[in-house]
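Counting from 1, position 141 in the sequence shown corresponds to residue 1036 in this note's numbering; the numbering is continuous, with no gaps.
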Amino acid sequence: MRLDLKRLFKKEKQEHRILRQIERSGDLVQPEYHRATPECPHPERWSMFDSMTAEVEVLEFLRAVVTTIKPELVVETGAFSGISTLWIAEGLKANGRGRVISCEFDPVVYAKAKERIENSNLARWIELRNESSLEMKVEGTIDLFFGDSDIPVREQEVRRLLPQISPYGLILMHDASSHLKLVREAALKLEAEGLISVVLLPTPRGLVVAQKRAGRDVSS
Ligand SMILES: C[S@@+](CC[C@H](N)C(=O)[O-])C[C@H]1O[C@@H](n2cnc3c(N)ncnc32)[C@H](O)[C@@H]1O
896 MRLDLKRLFK KEKQEHRILR QIERSGDLVQ PEYHRATPEC PHPERWSMFD SMTAEVEVLE
956 FLRAVVTTIK PELVVETGAF SGISTLWIAE GLKANGRGRV ISCEFDPVVY AKAKERIENS
1016 NLARWIELRN ESSLEMKVEG TIDLFFGDSD IPVREQEVRR LLPQISPYGL ILMHDASSHL
1076 KLVREAALKL EAEGLISVVL LPTPRGLVVA QKRAGRDVSS
């Protein structure tokens, strides 16, 4: 086996390591291995492709949300290998309308996601961008937002895009388990400020389902 000295001496980014693994073994479904939490004591009952990609059940949920609320515009942050983007696009294809804009700031990871999307039959529903969620500019009203980028920037992403999110739309924030903490705390802080209303789904890595508080005002 050829020794890759660069990799040996430099700590490899987790994203790149998992991408190499996918290249070697393909997309394998395995039991979820995020640790048990009080709200989700049996994570092994869920499935995952890898520890970066959202749980398979969350992917199914994403697709079902898309077919349920029929968004014109979906925005996703953090494409990784493009799997969640494709499940969202499957919902859009079933609806026969809408588009998803997804961003991935790592150029190596972006190239892999791009390749996966181009090799699918769903590319026409997807606009994949090699940019940071904190810089991305989106035109129009967002009907569905899925935040799945770097955990510490999730709060900032929602604050940034909130004015463009429809009051009747949905805000989903991944990695909101009590163990991962930060996203959960961010969502509850936004709720305490009166900006959004939050439901915490007890999945292995945790999922926030939220809506702008404005959407709950009966007089609006
Ligand atoms: C958890 S993975 C996304 C998984 C993907 N949504 C899925 O379920 O298939 C997070 C990805 O976000 C990317 N990322 C992190 N911070 C970002 C940012 N500020 N803007 C865009 N991408 C970001 C990382 O490079 C990584 O590939």
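C-beta: ideal position from N, C-alpha, C; glycine also. Since the structure is predicted, the reported quantities are computational estimates derived from the model, not experimental observations.
Quick one: grab the DSSP three-state call for residue i.
i       : result
Thr948  : coil
Tyr1005 : helix
Gly1089 : coil
Leu1071 : Here residue 1071 is Ala; the residue named in the question, Leu, does not match the sequence. Note: Ala1071 maps to coil in three-state DSSP.
Glu1022 : strand
Thr932  : strand
Met896  : Reliability fails at Met896, whose pLDDT of 47 lies under 50, so the model's placement of it is uncertain and the value that follows must be treated cautiously. Met896: coil per DSSP, three-state reduction.
Phe956  : helix
Val1078 : helix
Leu1083 : helix
Pro938  : helix
Val1094 : strand
Taking residue i as part of the alpha helix (DSSP H), name the residues at either end of that continuous run.
i       : result
Ser979  : Ile978 to Asn990
Arg915  : Gln909 to Ser920
Leu1017 : First-last for Leu1017: undefined, no H or E at that position.
Leu1056 : Arg1049 to Leu1056
With respect to the beta strand (DSSP E) encompassing residue i, which residues constitute its N-terminal and C-terminal limits?
i       : result
Arg994  : Arg994 to Cys998
Glu971  : Leu968 to Thr972
Gln1106 : Leu1102 to Lys1107
Leu1039 : Ile1037 to Gly1042
Assuming residue i contacts residue j under a Cβ cut-off of 8 Å, what Cβ separation, rounded to an integer in Å, is found between them?
i       : j       : result
Arg1049 : Val1078 : 5 Å
Glu971  : Ser997  : 4 Å
Leu1023 : Trp982  : Actually they do not touch by this definition, with Cβ atoms about 14 Å apart.
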